[in-house]
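This report refers to the structure that appears directly beneath it.
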Amino acid sequence: MFEIGNSLREARVRQSLEYPQIELATKIRAKYIRALEDEHFGVLPAHTYVKGFLRTYAEFLGLDGQLYVDEFSSRFFGDGLEDSPRRVAPRVHQDRGIERKVLVLALAGIAALTALVIVAWKFGGSDSGTPPVVTQRSSTSPASSSPGGLQLTGVQRGTYVVVRRGSATGAVLLEATLARGKIQRVDGKRFWLYVRRASGVRVSLGGKAVSLPAGRNLKVLVTPKRTARAGT
Numbered sequence: 139m140f141e142i143g144n145s146l147r148e149a150r151v152r153q154s155l156e157y158p159q160i161e162l163a164t165k166i167r168a169k170y171i172r173a174l175e176d177e178h179f180g181v182l183p184a185h186t187y188v189k190g191f192l193r194t195y196a197e198f199l200g201l202d203g204q205l206y207v208d209e210f211s212s213r214f215f216g217d218g219l220e221d222s223p224r225r226v227a228p229r230v231h232q233d234r235g236i237e238r239k240v241l242v243l244a245l246a247g248i249a250a251l252t253a254l255v256i257v258a259w260k261f262g263g264s265d266s267g268t269p270p271v272v273t274q275r276s277s278t279s280p281a282s283s284s285p286g287g288l289q290l291t292g293v294q295r296g297t298y299v300v301v302r303r304g305s306a307t308g309a310v311l312l313e314a315t316l317a318r319g320k321i322q323r324v325d326g327k328r329f330w331l332y333v334r335r336a337s338g339v340r341v342s343l344g345g346k347a348v349s350l351p352a353g354r355n356l357k358v359l360v361t362p363k364r365t366a367r368a369g370t
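In structure tokens, the structure reads:
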């Protein structure tokens with residue numbers, strides 16, 4: 139047995155990651171990330187969400203997501219949680235038919251909220267504060283076919299990437315979580331890249347493949363002449 143929350147928090151602190159950055163990359167609200175680290179699982183909507191958020195957050199930090207899901211399942215089984223009672227606890231002994239109706243209504247509400255967020259993002263914004271699925275700066279050119287451009291393609295499970303113009307202090311051209319098969323292109327010839335997992339992305343510059351060093355949390359400078367590790 140290990141401490142789920144402390145393990146997640148220590149991994150985040152080691153990588154100097156802040157909650158807003160994690161929220162953008164994982165699409166998990168910051169208050170739920172804090173709840174996972176504090177093991178306040180009663181804050182999350184249901185056990186299914188806890189398991190999904192645990193897996194996503196752990197894998198984002200480079201940890202074994204299944205290990206955290208298994209640990210949670212072994213410690214918090216059934217309808218009860220250790221750290222705090224659920225709001226619906228007084229209803230545990232009510233008729234099962236009513237419980238099913240409540241669950242259906244809750245799922246419908248979540249689906250409606252998700253649809254509203256997607257529509258608001260696509261058509262010019264929302265004041266709800268909910269982050270979009272993929273954050274992409276206006277300077278990117280996904281459809282560009284410029285021979286001098288940088289192309290990033292998500293492979294396997296994809297990965298989180300940041301692309302800056304020229305150096306670590308240059309303008310941010312792209313910040314996104316690349317899913318498998320997702321392609322992003324950025325015009326230019328000299329770039330600073332941060333890549334969460336090198337195995338999750340394929341990179342090319344000017345139509346030529348770029349070989350990234352193996353590992354996690356890579357920071358590299360990519361130019362037509364060379365590719366080299368770079369500082370922050």
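All the letters of the sequence shown, read from the start, carry residue numbers 139 to 370 under the working numbering. Each residue gets a CB set at the ideal place from its N, CA and C atoms; glycine is no exception.
Non-local C-beta neighbours of Val188 in its own chain, meaning closer than 7 Å and more than five positions away in sequence, comprise Phe179, Leu182 and Phe210, ordered along the chain. According to the DSSP assignment, Glu177 belongs to no beta strand (DSSP E), since it is labelled neither H nor E. By the Cβ rule, the region 335–343 does not count as touching the region 302–314, because fewer than three pairs are nearer than 8 Å.
The closest CA to that of Leu192, considering only Leu290, Leu146 and Ser212, is found on Leu146. Taking C-beta atoms as the reference points, Val299 and Leu311 fail to come closer than 8 Å.
Under the DSSP definition of a beta bridge, Gln159 lacks any partner.
For Glu209, the uninterrupted alpha helix (DSSP H) run begins and ends at Gly203 to Arg213, by DSSP. Annotation for Glu313: the continuous beta strand (DSSP E) segment containing it runs Val310 to Leu316.
At least 8 Å separates the beta-carbon of Arg318 from that of Arg334. Nearest C-alpha to Thr194 among Lys165, Leu331, Gln322 and Asp176: Lys165. In the displayed model, Leu241 falls within a helix according to three-state DSSP. Cβ neighbours of Gly308 within its own chain (closer than 7 Å, five residues either side excluded): Arg302 and Trp330. For Leu316, same chain residues with a beta-carbon under 8 Å away, outside a window of 5 residues either side, are Leu290, Thr291, Gly292, Gly296, Thr297, Tyr298, Val299, Gln322, Gly338 and Val339 in chain order. The Cβ neighbour count for Ile160, taken over all protein chains shown within 10 Å, is at least 16; the residue is labelled buried. Rounded to the nearest angstrom, the gap between the Cα atoms of Leu254 and Gly247 is 11 Å. Around Arg150, the same chain offers Ile160, Glu175 and Leu199 as residues with beta carbons nearer than 8 Å, after the five sequence neighbours per side are excluded. Between the beta-carbon of Leu350 and that of Ala368 there is about 12 Å, and that puts the pair past the 8 Å contact cut. Residue pairing by DSSP places Thr291 opposite Ile321 and Arg340 in a beta bridge. Exposed is the label assigned to Val242, since fewer than 16 other Cβ atoms lie within 10 Å of its Cβ.
Straight-line measurement puts the Cα of Val358 at about 31 Å from the Cα of Leu205.
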